[in-house]
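Let me begin by presenting the structure, written as structure tokens, before commenting on it.
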Amino acid sequence: MGGAKLVDVEVMLSWPSSMTWKALYPILSLSKTLYQKGISLTKKARK
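The sequence shown runs 5 to 51 under my numbering.
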């Protein structure tokens, strides 16, 4: 598989748009949500 340098948002969102799976293109969106580091789910919550 070839690689791409994901240097900015435009590249990150445009690169996968050239890929297909079973003749379908991906639907992409940018999330600007900030998440805290070190948060993890318990085993019960993951089930």
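We put the beta carbon where it would ideally sit given N, CA and C, even for glycine.
Short Cβ contact (8 Å threshold) for residue i with residue j
i, j, result
"L38", "L17", "no"
"S44", "P30", "no"
N-terminal and C-terminal residue of the alpha helix (DSSP H) that residue i is part of
i, result
"M16", "V13 to S18"
"A27", "Run containing A27: none; DSSP gives neither H nor E here."
Nearest-angstrom Cα separation, counted from residue j out to residue i
i, j, result
"G42", "V13", "25 Å"
"K9", "K47", "35 Å"
"W25", "R50", "28 Å"
"L32", "V11", "17 Å"
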